[in-house]
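Chemist:
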Amino acid sequence: MSPTTANSPDPQDNSQEAQPTAYGSVQAVIERLRASLPAEILVTDRTSLRTYECDGLLHYRVIPALVVLARDAEHVRTAVAACAAERVPFVARGSGTGLSGGALPHADGVLIVTSQLREIRSVSPEDQRAVVDPGVINLQVSEAARPLGYYFAPDPSSQQICSVGGNVAENSGGAHCLKYGFTTTHVLAVDLVTPEGEQVTLGTTAPDAPGYDLLGAVVGSEGTLGVATSVTVRLTRTPEDVRTLLAGFRSVEDAGAATSAIIGSGIVPAAIEMMDALAIEAAEAAVSCGYPAGAGAVLVVEVDGPTEEVEQEFALIEEHCRANGSFEQRVAVDDAERAAVWRGRKSAFAAVGRISPDYIVQDGVIPRTALSQVLRRIEELSAERGVRVANVFHAGDGNLHPLVLFDDSVEGQGEQAEEVSGAILDLCLEHGGSITGEHGVGSDKAKHMPKMFTATDLDTQQMVRCAFDPAGIANPGKVYPTPRLCGERPGRRAEPHPAQAAGLAEVF
Numbered sequence: 001m002s003p004t005t006a007n008s009p010d011p012q013d014n015s016q017e018a019q020p021t022a023y024g025s026v027q028a029v030i031e032r033l034r035a036s037l038p039a040e041i042l043v044t045d046r047t048s049l050r051t052y053e054c055d056g057l058l059h060y061r062v063i064p065a066l067v068v069l070a071r072d073a074e075h076v077r078t079a080v081a082a083c084a085a086e087r088v089p090f091v092a093r094g095s096g097t098g099l100s101g102g103a104l105p106h107a108d109g110v111l112i113v114t115s116q117l118r119e120i121r122s123v124s125p126e127d128q129r130a131v132v133d134p135g136v137i138n139l140q141v142s143e144a145a146r147p148l149g150y151y152f153a154p155d156p157s158s159q160q161i162c163s164v165g166g167n168v169a170e171n172s173g174g175a176h177c178l179k180y181g182f183t184t185t186h187v188l189a190v191d192l193v194t195p196e197g198e199q200v201t202l203g204t205t206a207p208d209a210p211g212y213d214l215l216g217a218v219v220g221s222e223g224t225l226g227v228a229t230s231v232t233v234r235l236t237r238t239p240e241d242v243r244t245l246l247a248g249f250r251s252v253e254d255a256g257a258a259t260s261a262i263i264g265s266g267i268v269p270a271a272i273e274m275m276d277a278l279a280i281e282a283a284e285a286a287v288s289c290g291y292p293a294g295a296g297a298v299l300v301v302e303v304d305g306p307t308e309e310v311e312q313e314f315a316l317i318e319e320h321c322r323a324n325g326s327f328e329q330r331v332a333v334d335d336a337e338r339a340a341v342w343r344g345r346k347s348a349f350a351a352v353g354r355i356s357p358d359y360i361v362q363d364g365v366i367p368r369t370a371l372s373q374v375l376r377r378i379e380e381l382s383a384e385r386g387v388r389v390a391n392v393f394h395a396g397d398g399n400l401h402p403l404v405l406f407d408d409s410v411e412g413q414g415e416q417a418e419e420v421s422g423a424i425l426d427l428c429l430e431h432g433g434s435i436t437g438e439h440g441v442g443s444d445k446a447k448h449m450p451k452m453f454t455a456t457d458l459d460t461q462q463m464v465r466c467a468f469d470p471a472g473i474a475n476p477g478k479v480y481p482t483p484r485l486c487g488e489r490p491g492r493r494a495e496p497h498p499a500q501a502a503g504l505a506e507v508f
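Below, the structure is given as structure tokens:
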């Protein structure tokens, strides 16, 4: 499957062609910005523009008409305001590590890059918060807060390179979200440039602010409601004690049973991560992590908190693993060993490149109790289609990350991998799950949204989007399979939304 470009769209992907055609002139935006922004932050030559044609999802590629390498919040506001004035689409991009095509550019639009907005404005341990620019790297927040006894809890596998702004856009999770929650739990306020070019602040540091939770709407909105220029994050106190266990099992079924036993006993570990044999093979090839030889699956289980509580829970976890077939267990005795245990898991996505030239990372969610059934069906799909699938996932909350392997140089393999990837998402929905847990919908999964939501559900969500972005210029083509409600700008659909007809909602 050749990468999708602006000139050769994927026939199954309507993220570009489904858009209304009444956009304004991007050349007019370029002329406006040349008059108001430094020339060196405006990228227009095609060779340089190719650098930004995709994010971490390499299968869809679009070359933008203009890239703005913003250096401060005013640059962002100026760029968005110019797009609003000319009715030209724009897309925000942080570090470009997203795995759903959320930062895929628009061919006739502007890509606003925030990676140079990277100052940590303040760290206030007494208030348990920090104020950071959107381009600040996730791990840098913890590094700044750690000497003061705090850290930033969201920890995606890409935390060494992903940005806080991207975490906000995708509502990122990570290995420890089982106990500590997703990004939305750790964001107190966001300075936002709306799609109409207005600078606003959403959220507050007050413990229980009145009014609608607009901040909650923005976190996880994938750049469709505006561009963050500052983020106030909640800091978490460093736990007194941390214990990490690596347990080897003969099968994923045994590892899944151990996971259910641990959670069923009332223990909520900081993390329970699972990798199957193919994922272990990839990690060994990449980082020589030394996981148990012959394992069909491994669990990485971590508990943290007061020492006495940690000791009690850890002993029970070891018992549950042994009772469910763990043939080898290793306990990290210090930070160096803990880092070694986590190295294999954290490197898993990139490591797959050692055993396959190409792969698709998916992000479905299922009830934890359905793990064995779904993993068995994925194995059957893999055998039926002749496509290898490596499984890496957050076992504690059922967030799957199957990696569908293929060789794009072999005709038909890319399309086959796409079919298997889509079938896995269908499996998640069949078992009462979701098409995404933390990677977002983006361009990749927009076509699956009608399988998860009714038309009325989608219309209701789109009403929120239109309230922020009536012109439909903020990251168009993402999340929703068609423009819906906002329709051919500037109008909306003639008939009332069902909630309006029932007197339950008002359009204003």
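At position 403 of the sequence shown (counting the first as 1) the number is 403 in full-length UniProt numbering, and the numbers step up by one without a gap.
All C-beta atoms in this analysis are idealised placements derived from N, C-alpha and C, irrespective of residue type, glycine included.
Being a predicted model, the structure only gives us computed values, none of them experimental.
1. Would V29 pass as a contact of V88 if the rule is Cβ separation under 8 Å?
2. Measuring CB to CB, does M274 end up less than 8 Å from F393?
3. Compute the distance between the beta-carbons of V352 and Y359, then report whether it is under 8 Å.
4. Below 8 Å, how does it come out for the segment 154-164 and the segment 135-146: are there three or more Cβ pairs, yes or no?
5. Between the Cα of E319 and the Cα atoms of I267, A295, R71 and C177, which residue gives the shortest distance?
6. So, does the segment 218-235 touch the segment 142-159, judging by three or more C-beta pairs under 8 Å?
7. For chain B, check one thing: does any of its Cβ atoms lie closer than 8 Å to the Cβ of E308?
8. From what residue to what residue does the alpha helix (DSSP H) around I41 run?
9. So, using beta-carbon positions, are G442 and K478 closer together than 8 Å?
10. C54 to D127, Cα distance in whole Å?
11. According to DSSP, is T201 part of a helix, a strand, or is it coil?
12. If you draw a straight line from the alpha carbon of A502 to that of D457, how long is it in whole angstroms?
13. Nearest to I280 by alpha carbon, out of G296, G102 and G56?
14. Taking a contact to mean a Cβ-Cβ separation below 8 Å, would you say L316 touches T259 in this structure?
15. Do the segment 111-131 and the segment 88-99 meet, that is, are 3 or more Cβ pairs less than 8 Å apart?
16. With a 10 Å radius around its C-beta and 16 neighbouring C-beta atoms as the bar for buried, classify E170 as buried or exposed.
17. Just to check my reading of the structure: P125 and G149 have Cβ atoms closer than 8 Å, yes? What is that Cβ distance to the nearest angstrom?
18. Of the residues P481, A467 and R146, which one's Cα is nearest the Cα of V218?
19. Let me know the alpha helix (DSSP H) ranges lying completely inside the segment 260-334, each 4 residues or longer, listed in chain order.
20. Would DSSP call A502 helix, strand or coil?
21. Is Q416 near V389, with beta carbons less than 8 Å apart?
22. For the beta strand (DSSP E) containing T232, list its first residue and its last residue.
23. For the alpha helix (DSSP H) that contains F349, what are its first and last residues?
Modeler: According to the data block:
1. yes
2. For M274 and F393, yes; Cβs fall inside 8 Å.
3. Y359 sits close to V352, with the two beta carbons spaced by under 8 Å.
4. yes
5. I267
6. yes
7. Note that chain B does not occur in the displayed structure, where there is just one protein chain.
8. I41 -> no alpha helix (DSSP H), and no H or E assigned at all.
9. yes
10. 38 Å
11. strand
12. 15 Å
13. G296
14. Inclusion of L316 and T259 in the CB contact set at 8 Å is not warranted, their separation being larger than that value.
15. yes
16. buried
17. Taking a contact as a CB-CB distance under 8 Å, the pair P125 and G149 counts as one, their CB atoms being some 6 Å apart.
18. A467
19. 277-287 and 307-323
20. coil
21. With respect to the 8 Å criterion, Q416 and V389 are not classified as neighbours on the basis of their beta carbons.
22. V227 to R234
23. F349 -> alpha helix (DSSP H) spans A348 to A351.
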